[in-house]
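Undergrad: Please find one structure pasted underneath; my questions will follow.
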Amino acid sequence: MKTGLIIQGPLLSRGRTGKTVGIPLKQVTEQDVVDFNCVDTITRMVNECESRYDAIVVATWKTEDPALIEALAQRIGHERILLLEDNTKAIAPRTALVGGNNKYRQFYSMLKGLEALEAQGCELAVKVRTDQYGDYVALADQLEAAVKQGPEKVMIPWLDVRKPMHLVDFYFGGTTAHLKALCKRYFAKPEAYELVHLDLFYHWTWDIPTWALPFYKLLIGKRMNPLNSAVIRTGWDNAFWLSSRQVAQSLVWRGEPFDLPNPERLRFAEDGDKLKQLGV
215 MKTGLIIQGP LLSRGRTGKT VGIPLKQVTE QDVVDFNCVD TITRMVNECE
265 SRYDAIVVAT WKTEDPALIE ALAQRIGHER ILLLEDNTKA IAPRTALVGG
315 NNKYRQFYSM LKGLEALEAQ GCELAVKVRT DQYGDYVALA DQLEAAVKQG
365 PEKVMIPWLD VRKPMHLVDF YFGGTTAHLK ALCKRYFAKP EAYELVHLDL
415 FYHWTWDIPT WALPFYKLLI GKRMNPLNSA VIRTGWDNAF WLSSRQVAQS
465 LVWRGEPFDL PNPERLRFAE DGDKLKQLGV
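Using our numbering, the letters of the sequence shown correspond one by one to residues 215 to 494.
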């Protein structure tokens, strides 16, 4: 099976770094935020991954700085850069220091990247960020091994046993067809939560009709309890694979090594039965 890589996001990325990501958004100061030029990071990822992946697409925006677009094209080739119009609905920023809410932009550019990989014959796909370096060669190996267990799941970074409904969206992997279907579902369904991490759990685990959404939101909540354990168990059992601790520990976000948050609460592929870890 051919495997493709989508590197998705802006070429100039504003936000917290791997060192400051643990600071809550409401407490972030100007000193905690950087404007990060992603060209070197993208180039490094392409150079390391091009012998492992059958195709690589950088999905970014037509509104990016033309000088950065050209600098990247000179390094990785124009044919790998997918310049997109932003047709997603605007969402108010969560803080004045960090720009607009990008949750719909992420999945729109991911969808377009998946379509480009599909046109190149890729049956498997990995989606990563333009501003976040990691060991994505290892991630491709893990995805191909996981797909042999059954194709209709998504590989995600980790499980937080204290917040099992909170899905980390740093990188995803799966069959191209399944990831496309999930992106389309995300746009077709109504928003459950403003926070993308909770919103994803709703969209990707359960085919809930619109009329039932208020009841489902009561079940999901933000913490596990006896009422929502069956819903959470079903979601984790049917929707997700975990990737390895190795990949998570390799992350460098906006130029700074990523400090795993609350590492004692995180579970990875090598930690065994994730449902037992949840205690449900």
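The C-beta atom is built at its ideal place from N, Cα and C for all residues, glycine as well.
What separation, rounded to the nearest whole angstrom, lies between the Cα atoms of Ile305 and Ile237?
TA: The straight-line gap from Cα to Cα measures roughly 22 Å.
Undergrad: Under 8 Å, with one C-beta from each stretch per pair, do the segment 386-397 and the segment 442-450 reach the 3-pair mark?
TA: Output reads no: the segment 442-450 does not touch the segment 386-397.
Undergrad: Do Thr390 and Leu328 have their CB atoms nearer than 8 Å?
TA: Their beta carbons are under 8 Å apart, which means Thr390 touches Leu328 by this criterion.
Undergrad: By DSSP, does Trp275 sit in helix, in strand, or in coil?
TA: Residue state, collapsed to three classes: strand.
Undergrad: When DSSP labels each residue in this structure, what does Val410 get in the three-state scheme?
TA: DSSP places Val410 in helix when its eight states are reduced to three.
Undergrad: Rounded to a whole number of angstroms, what is the C-alpha to C-alpha distance between Ile220 and Ala330?
TA: Approximately 9 Å between the Cα atoms of the pair.
Undergrad: Should the segment 402-418 be called in touch with the segment 464-484, which here means at least 3 C-beta pairs below 8 Å?
TA: Result no; under three Cβ-Cβ pairs closer than 8 Å.
Undergrad: By a C-beta neighbour count over all protein chains shown, 10 Å radius and 16 as the cutoff for buried, is Ala483 buried or exposed?
TA: When all chains shown are included, Ala483 counts as buried.
Undergrad: Let me know if Trp425 comes out buried or exposed under the rule of 16 or more other beta-carbons within 10 Å of its beta-carbon.
TA: Classification of Trp425: exposed, given that the 10 Å Cβ count is below 16.
Undergrad: Within this structure, are the beta carbons of Arg228 and Val247 separated by less than 8 Å?
TA: Yes; because the gap between Cβ atoms is below 8 Å, this pair is in contact.
Undergrad: If I measure Cβ to Cβ from Glu332 and keep anything under 6 Å in the same chain, skipping five residues before and after, which residues do I get?
TA: Thr390.
Undergrad: Let me know if Gly449 comes out buried or exposed under the rule of 16 or more other beta-carbons within 10 Å of its beta-carbon.
TA: Gly449 should be labelled buried.
Undergrad: Alpha carbon to alpha carbon, what distance is there between Ile290 and Thr255?
TA: Spanning the two alpha carbons is a distance of roughly 12 Å.
Undergrad: Look at the Cβ atom of Gly335, then the Cβ atom of Val271, and state whether they are nearer than 8 Å.
TA: Not in contact: Gly335 and Val271 (Cβ atoms no closer than 8 Å).
Undergrad: For Gly388, which option in Lys377, Leu225 and Gly364 has the closest C-alpha, if you only look at C-alpha atoms?
TA: Of Lys377, Leu225 and Gly364, the residue nearest in Cα terms is Gly364.
Undergrad: Determine the contact status of Leu456 and Leu373, defining contact as a CB-CB distance below 8 Å.
TA: Yes, the pair counts as a contact, with Cβ atoms nearer than the cut-off.
Undergrad: With a threshold of 6 Å on Cβ separation, who are the neighbours of Phe321 within its own chain once the five nearest residues in sequence on each side are excluded?
TA: For Phe321, where only same-chain residues beyond five positions count, the Cβ hits under 6 Å are Cys397 and Tyr400.
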